[in-house]
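Trainee: Counting from 3, one number per residue, gives the positions in the sequence shown under our numbering.
Sharing a structure, written as structure tokens. Questions coming.
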Amino acid sequence: MSTEAQTTAEPQTRRFEAEVEQVLKLVTHSLYSHKEIFLRELISNASDACDKLRFEALAKPDLAAGDADFRVEISLDEAARTITIRDNGIGMSQDEVIANIGTIASSGTRKFLESLSGDARKDTQLIGQFGVGFYSAFVVADKVTLISRRADLPHDQAVRWESTGTGEYQLSTVTDAARGTAVILHLKPEEDEFLKPWRVRSLVSKYSDHVAFPIRMLKEKQGEDEAEAEASQSTEWETVNHASALWMRPKSELKDEDYQGFYKHIAHAYDEALAWTHNRVEGNQSYTSLIYLPTQAPFDLAYSGRDERKGLKLYIRRVFIMDASEQLLPAYLRFVRGVVDSDDLPLNVSREILQENRMVQQIRSGLVKRALDLLDKLVSDDADKYKTFWGNFGAVLKEGVAEDHGNRERIAKLLRFASTKSEGDAPTVGFDQYIERMVEGQEAIYFITADSYKAAANSPQLEQLKAKGFEVLLMSERIDEWMMGYLSEYAGKKLRNVAKGDLDLGKKDEAEEAAQKQAEQDAEPVLKQIKAHLGERVREVKLSRRLTDSASCLVVDEYDMAMHLKRMLKAAGQAVPDGAPILEVNAKHPLVQRAGTEGEHAADVAFLLLEQAQILEGAQLDDPAEYVRRVNRLLGA
Numbered sequence: 003m004s005t006e007a008q009t010t011a012e013p014q015t016r017r018f019e020a021e022v023e024q025v026l027k028l029v030t031h032s033l034y035s036h037k038e039i040f041l042r043e044l045i046s047n048a049s050d051a052c053d054k055l056r057f058e059a060l061a062k063p064d065l066a067a068g069d070a071d072f073r074v075e076i077s078l079d080e081a082a083r084t085i086t087i088r089d090n091g092i093g094m095s096q097d098e099v100i101a102n103i104g105t106i107a108s109s110g111t112r113k114f115l116e117s118l119s120g121d122a123r124k125d126t127q128l129i130g131q132f133g134v135g136f137y138s139a140f141v142v143a144d145k146v147t148l149i150s151r152r153a154d155l156p157h158d159q160a161v162r163w164e165s166t167g168t169g170e171y172q173l174s175t176v177t178d179a180a181r182g183t184a185v186i187l188h189l190k191p192e193e194d195e196f197l198k199p200w201r202v203r204s205l206v207s208k209y210s211d212h213v214a215f216p217i218r219m220l221k222e223k224q225g226e227d228e229a230e231a232e233a234s235q236s237t238e239w240e241t242v243n244h245a246s247a248l249w250m251r252p253k254s255e256l257k258d259e260d261y262q263g264f265y266k267h268i269a270h271a272y273d274e275a276l277a278w279t280h281n282r283v284e285g286n287q288s289y290t291s292l293i294y295l296p297t298q299a300p301f302d303l304a305y306s307g308r309d310e311r312k313g314l315k316l317y318i319r320r321v322f323i324m325d326a327s328e329q330l331l332p333a334y335l336r337f338v339r340g341v342v343d344s345d346d347l348p349l350n351v352s353r354e355i356l357q358e359n360r361m362v363q364q365i366r367s368g369l370v371k372r373a374l375d376l377l378d379k380l381v382s383d384d385a386d387k388y389k390t391f392w393g394n395f396g397a398v399l400k401e402g403v404a405e406d407h408g409n410r411e412r413i414a415k416l417l418r419f420a421s422t423k424s425e426g427d428a429p430t431v432g433f434d435q436y437i438e439r440m441v442e443g444q445e446a447i448y449f450i451t452a453d454s455y456k457a458a459a460n461s462p463q464l465e466q467l468k469a470k471g472f473e474v475l476l477m478s479e480r481i482d483e484w485m486m487g488y489l490s491e492y493a494g495k496k497l498r499n500v501a502k503g504d505l506d507l508g509k510k511d512e513a514e515e516a517a518q519k520q521a522e523q524d525a526e527p528v529l530k531q532i533k534a535h536l537g538e539r540v541r542e543v544k545l546s547r548r549l550t551d552s553a554s555c556l557v558v559d560e561y562d563m564a565m566h567l568k569r570m571l572k573a574a575g576q577a578v579p580d581g582a583p584i585l586e587v588n589a590k591h592p593l594v595q596r597a598g599t600e601g602e603h604a605a606d607v608a609f610l611l612l613e614q615a616q617i618l619e620g621a622q623l624d625d626p627a628e629y630v631r632r633v634n635r636l637l638g639a
């Protein structure tokens, strides 16, 4: 695995893209307290390259011919002040070097930069979520040289990339380079610690012991003083990691730090995993799974498409095949990270075969169960950790209510919301807790969806429920209205949106029923007059059973689309069904009583009842200027 190479053409000087240059500057100045991370990142890249070649060599054995012993080698040169990480993996062509060198250059750099706050500590955490990748080398090096030759290219088509990380890099074609990639770090003056073999070995043990390929370093001579050791450099390599698939080792041999180290390796994560589950399945088919729940949301979770998912690696008999999250987990579990290693799938499996393979469907079903079991355990064992999980991934998990009919009840059990009886807007209330504290005579679980927590919490539709002591779940995420369309009941209790349909708060005695009917009869003339003024702007004007203090509110029929969801869809350019809302009024309110008179301002009052309800609903008024004139006329009357 020599890095000797001869330049065959004049190097080209190119500039980094402006965004990459910004990120590079940030990485090199913000990771000073975690600079050792560079070694983990470069070893992970080297391991991935070996994985890729081992897989490609299944179909094309010539690619690995003469050097099928995949490995990563680390060498130190104290005189030249360099540390070199070499692999004999797949290597890169010149085009691949330009396009793919480092994750930052190709993973949503603009989104990353837009998220920066200027707070060094917070930005450092964000860098960890984003993944520092290849460019972490510049944390300890003032110059980085990369030499790479793709396994299927001739010796004279290797590529040399070099940069000081200050805005430019040089690119040239070289010859006689070995297959694979060598990254040579020219260390900064203050980074002498990384020239000490014991220090590098300790970092390999800490961060990369679980890498499934041998990580080798030159064997140190024992019993010699420093001068003798330097004079007689050993050429004997020794493996300094376990070099075995961690997921295949017995759980009894593994400690928490082993699992955490492996998580950071496969997820390229900066934070620790929140929880994990490690299982071996035997029977009609055999496979091993090790899956993790991240503590922080991966940076690209919100920006990558639901079908562009990575994070669950498929191995077959310890050979890495592909990132197979799309085939092995549903989209609502796309935050899960880990590995699955099957003993039975064919090595030449493709994505198309995975989609149709019955064994894959069984593995998928098992993984979903394991993931939901892990979440159940987190709920029962560590409420604080589950709160962390929900803050990062709750909105994603909600998709499962609609997508996974077979596990709908299990997923619903994991949902959390704010409520009229919780403190602030923290989503801490689950359906089980809600049911436990339902008041006597309450038959349904009540909820409301709105644009924001405050809009939900202060909605006039809640007034009668609050008066009777009924708890209401407050849902203010964009997905909530869509999700609740698929969830009509939980544990035998109907779920009722308090802003839809007729509000039934349980059985009434005969006196209450009689009083309600009498109130409706008494209010009928007022309701007709308000409807006459408003015309087609409302479908109907009704006496409200929801209101106690407010004058009016808007509702829709039970199976109609909520008004705030209509607004969101319209804003996104989507077609929405036509239909005017229902205006409910409180007959005891002075404004409603005034609307029923024959006075000159009766029409203004009727419109004001509608416009107030629209404002409370969060809607934009069609004619704000006319609304202001109408209010001024009434104030001056």
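The beta-carbon is built from N, C-alpha and C at its ideal position, and this holds for glycine as well.
#1: Which one of 76, 557, 529 and 484 has the shortest CA to CA distance from residue 238?
#2: Report yes if the C-beta distance between residue 531 and residue 581 is below 8 Å; otherwise report no.
#3: Taking 8 Å as the threshold (C-beta atoms), are residue 446 and residue 415 in contact?
#4: Using only the alpha-carbon positions, how far apart do residue 13 and residue 45 sit?
#5: Could you tell me whether the stretch 368 to 382 touches the stretch 405 to 423, where touching means 3 or more Cβ pairs closer than 8 Å?
#6: Indicate whether the contact test is met: 3 or more Cβ pairs, each with one atom in the stretch 416 to 423 and one in the stretch 473 to 490, closer than 8 Å.
#7: Find out if the Cβ-Cβ distance for the pair residue 528, residue 612 is shorter than 8 Å.
#8: To the nearest angstrom, report how far apart residue 354 and residue 182 are at their CA atoms.
#9: Per DSSP, residue 555 is paired with what?
#10: Let me check understanding here. Comparing Cα to Cα, which of 467, 434, 152 and 212 lies closest to residue 443?
#11: Out of 279, 281 and 262, which one is the CA nearest neighbour of residue 272?
#12: Measure the CB-CB distance between residue 321 and residue 56 and report whether it falls below 8 Å.
#13: Can you tell me whether residue 392 is buried or exposed, with buried defined as 16 or more other CB within 10 angstroms of its CB?
#14: Residue 157 lies in the beta strand (DSSP E); which residues open and close that run?
#15: Which two residues bound the contiguous alpha helix (DSSP H) that contains residue 432?
#16: Are the stretch 134 to 144 and the stretch 186 to 197 in contact at 8 Å, needing three or more beta carbon pairs?
#17: Decide if residue 106 is buried, meaning its Cβ has at least 16 other Cβ atoms within 10 Å, or exposed.
#18: Would you be able to state if there are at least three C-beta pairs under 8 Å between the stretch 282 to 291 and the stretch 376 to 390?
#19: Does residue 315 come out as helix, strand or coil in the three-state DSSP assignment?
#20: My assumption, with CB atoms under 8 Å, is that residue 548 sits in contact with residue 555. Please give the rounded CB distance.
#21: Could you check how far apart the C-beta atoms of residue 545 and residue 516 are, in whole angstroms? I think they sit under 8 Å.
#22: Using the C-alpha atoms, what's the distance from residue 481 back to residue 296?
#23: With 16 as the cutoff for other CB atoms within 10 Å, does residue 498 come out buried or exposed?
#24: Note down, in chain order, each residue of its chain lying with its Cβ closer than 7 Å to the Cβ of residue 166, except the 5 sequence neighbours on either side.
#25: If we ignore side chains and look at the alpha-carbon of each, how far apart do residue 485 and residue 627 end up?
#26: Would you mind reading off the limits of the alpha helix (DSSP H) that contains residue 92?
#27: If you draw a straight line from the alpha carbon of residue 315 to that of residue 617, how long is it in whole angstroms?
Mentor: In short:
#1: Position 236 of the sequence shown, counted from the start, is the residue given in the question as residue 238. With distances taken between Cα atoms, residue 238 lies closest to 76.
#2: Counting from 1 along the sequence shown, the entry for residue 531 is found at position 529. Counting from 1 along the sequence shown, the entry for residue 581 is found at position 579. Not closer than 8 Å, so no.
#3: The residue you call residue 415 lines up with position 413 of the sequence shown. The residue you call residue 446 lines up with position 444 of the sequence shown. In this structure, residue 446 does not lie closer than 8 Å to residue 415 by Cβ.
#4: Here residue 13 refers to the residue found at position 11 when the sequence shown is read from its first residue. Here residue 45 refers to the residue found at position 43 when the sequence shown is read from its first residue. Computed Cα separation, rounded: 27 Å.
#5: yes
#6: yes
#7: Here residue 528 refers to the residue found at position 526 of the sequence shown. Here residue 612 refers to the residue found at position 610 of the sequence shown. Cβ atoms of residue 528 and residue 612: not closer than 8 Å.
#8: By 1-based counting over the sequence shown, the position of residue 354 is 352. By 1-based counting over the sequence shown, the position of residue 182 is 180. So the alpha carbons of these two residues sit roughly 30 Å apart.
#9: Residue mapping note: residue 555 aligns to position 553 of the sequence shown, counting from 1. Answer by DSSP bridge pairing, in chain order: 586.
#10: Taking the first residue of the sequence shown as position 1, residue 443 is located at position 441. The shortest Cα separation from residue 443 among 467, 434, 152 and 212 belongs to 467.
#11: Position 270 of the sequence shown, counted from the first residue, corresponds to residue 272. Ranking 279, 281 and 262 by Cα distance to residue 272 puts 262 first.
#12: Translated into positions along the sequence shown, residue 321 becomes position 319. Translated into positions along the sequence shown, residue 56 becomes position 54. Their beta carbons are under 8 Å apart, which means residue 321 touches residue 56 by this criterion.
#13: The sequence position of residue 392 within the sequence shown is 390, counting from 1. Buried, since its Cβ has 16 or more Cβ neighbours within 10 Å.
#14: For the purposes of this step, residue 157 is taken as residue 155 along the sequence shown, with counting starting at 1. Unbroken run through residue 157: none, as it is neither H nor E.
#15: Your numbering for residue 432 matches position 430 in the sequence shown. Looking at the DSSP string, residue 432 is not in any alpha helix (DSSP H), and its letter there is neither H nor E.
#16: yes
#17: Taking the sequence shown and counting its residues from 1, one reaches residue 106 at position 104. Below a pLDDT of 50, predicted positions are generally treated as unreliable, and residue 106, at 44, falls in that range; the measurement from the model is reported next regardless. Burial call: buried.
#18: no
#19: Along the sequence shown, read from residue 1 onward, the residue named residue 315 stands at position 313. Residue state, collapsed to three classes: strand.
#20: By 1-based counting over the sequence shown, the position of residue 548 is 546. By 1-based counting over the sequence shown, the position of residue 555 is 553. Right, their Cβ atoms sit about 6 Å apart.
#21: Taking the first residue of the sequence shown as 1, we reach residue 545 at position 543. Taking the first residue of the sequence shown as 1, we reach residue 516 at position 514. Not quite, the Cβ-Cβ distance comes to about 15 Å (not below 8 Å), so this is no contact.
#22: To locate residue 296, count along the sequence shown from 1; it is residue 294. To locate residue 481, count along the sequence shown from 1; it is residue 479. The alpha-carbon atoms of residue 296 and residue 481 are separated by roughly 22 Å.
#23: Working through the sequence shown from its first residue, we reach residue 498 at position 496. The residue is buried, with at least 16 neighbouring Cβ atoms inside 10 Å.
#24: On the sequence shown, residue 166 is found 164 positions in, with the first residue counted as 1. The residues are 144 and 145.
#25: What you label residue 485 is simply residue 483 of the sequence shown in a count that begins at 1. What you label residue 627 is simply residue 625 of the sequence shown in a count that begins at 1. Taking the straight line from one Cα to the other gives about 37 Å.
#26: Counted from its first residue, the sequence shown places residue 92 at position 90. Here residue 92 belongs to no alpha helix (DSSP H), and DSSP marks it neither H nor E.
#27: Indexing the sequence shown from 1 puts residue 315 at position 313. Indexing the sequence shown from 1 puts residue 617 at position 615. One C-alpha to the other measures close to 50 Å.
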